[in-house]
Structures are given as C-alpha cells and as structure tokens.
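All letters in the sequence shown, in the order written, are residues 359 to 446 by my numbering.
What follows is a set of notes on a single structure, which appears directly below.
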Amino acid sequence: MSALFTSGVVIDFILLLMVVEGWVLVLLHRRSGGGLPPLGIVTLLLPGALLLAAVRAALVGAPWILVAFILLLSFVAHIADVLNRWRS
Numbered sequence: 359m360s361a362l363f364t365s366g367v368v369i370d371f372i373l374l375l376m377v378v379e380g381w382v383l384v385l386l387h388r389r390s391g392g393g394l395p396p397l398g399i400v401t402l403l404l405p406g407a408l409l410l411a412a413v414r415a416a417l418v419g420a421p422w423i424l425v426a427f428i429l430l431l432s433f434v435a436h437i438a439d440v441l442n443r444w445r446s
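Given below as structure tokens:
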C-alpha cells in the first residue's frame, strides 16, 4: 500500500479524476450554457493540479528545484484564477 504513495501512483489517479472532472464540467457547460466557461474551469482546476504535481514530484524524489518551480507555477495559476474571477 505504501508503494502507491511513494511511487506517486495515487497522485496520478487523483490527477486523472481531475481531468475527468474538467471534461464533465466543460460538457455540462456546452449542453446547458450554465456553470463556468471552459477557461474558468481550467483556471479553477489548474492550481490544485499543479500542487498535486509538486507533491508527486517530491514523493518520487525529484530535485527540490523542480518541486519549487511547480509550486511557483501553481501560485501563478492561482493568481490567474483570482484575477479571472475578479473581472467577472
């Protein structure tokens, strides 16, 4: 069981679920016109996905600079989400 975590497989599964969630939300938006538009869905999910990618990188022993860079990307994506919501 611990191998699922130390190999990052559990994070891969969660990321896959997030991709499915994004596709479902986009499809629902296209069908009903309600909810967030596709760009809003991306900016909603991207910071969390990048945080998960950073956790995965740390779990598999990636260099700290890579983990830090992914965390920085997550912060930038979060700011983009906040600005996107602020404007709408």
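Cβ coordinates follow ideal geometry from the N, Cα and C atoms, glycine included.
Everything numeric in this text was worked out from a predicted model, so none of it was measured.
Check	Outcome
Just tell me which of 417, 408 and 415 has its CA closest to the CA of residue 435.	408
Would you be able to state if there are at least three C-beta pairs under 8 angstroms between the stretch 361 to 379 and the stretch 402 to 419?	yes
When we look at the beta-carbon of residue 401 and count the other beta-carbons within 10 Å, is it buried (16 or more) or exposed?	buried
Please report the residue range of the alpha helix (DSSP H) in which residue 380 lies.	367 to 390
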